[in-house]
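> In my numbering, the protein residues as written are 15 to 209.
Ideal placement from N, C-alpha and C gives every residue a C-beta, glycine not left out.
1) For residue 136, which residues does DSSP report across the bridge?
2) Identify which residue in 96, 188, 28 and 53 has its Cα closest to the Cα of residue 121.
3) Let's test the definition: count the other Cβ atoms within 10 Å of the Cβ of residue 98 and tell me whether it reaches 16, buried, or not, exposed.
4) I need the straight-line Cα distance from residue 16 to residue 204, nearest angstrom please.
5) To the nearest whole angstrom, what separates the beta carbons of residue 178 and residue 172, a pair I think is in contact under 8 Å?
6) Is the beta carbon of residue 37 closer than 8 Å to that of residue 51?
7) Flag this pair as touching only if the stretch 150–161 and the stretch 42–57 have three or more C-beta atom pairs under 8 Å; answer yes or no.
8) Is it buried or exposed, residue 128, if we count other Cβ atoms within 10 angstroms and call 16 or more buried?
9) Taking buried to mean at least 16 other C-beta atoms within 10 Å of its own C-beta, is residue 183 buried or exposed?
10) Closest to residue 194 by CA distance: which of 142, 126, 107 and 106 is it?
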């Protein structure tokens, strides 16, 4: 199978973004993550922080939170509009050039294509805590809470937007544990599958 696009979904603290970026460098292809946020924010006239928060995370850790957000006359919320615009941008990027796209339900958005390798990166809790502590200068408890809350909000958002379960093996071509394999081996495996 020949792939053109790689999507990377990831648990918070697993190093998925780093793995995606390094894979793109190794393969010599484009990498998209925050660039999508910037484009959506610019085109919709919203702040990047607002788009980052609403584009991949639920308003709270409960699916019912979507029932309480404001909607326009057509019944669409700002979160719906952001997701719709993200879909448009992700499809345009995938049509334009080979690339790695991190997060933003790209695996689901591009599910109609047969040239997409969908990857999910997970990690062991202890390793993720160490990574989050280092990056964000948090205590063990704070890091564990950040991981739990972030992954829960990603999960709720993914279910709301796709009606599928985030992190479920059936949604991805390959699931890699960065704690077990290490970042370099994850990059190598993805790179070899891409070619």
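In brief:
1) 191
2) 188
3) exposed
4) 12 Å
5) 7 Å
6) no
7) no
8) exposed
9) exposed
10) 142
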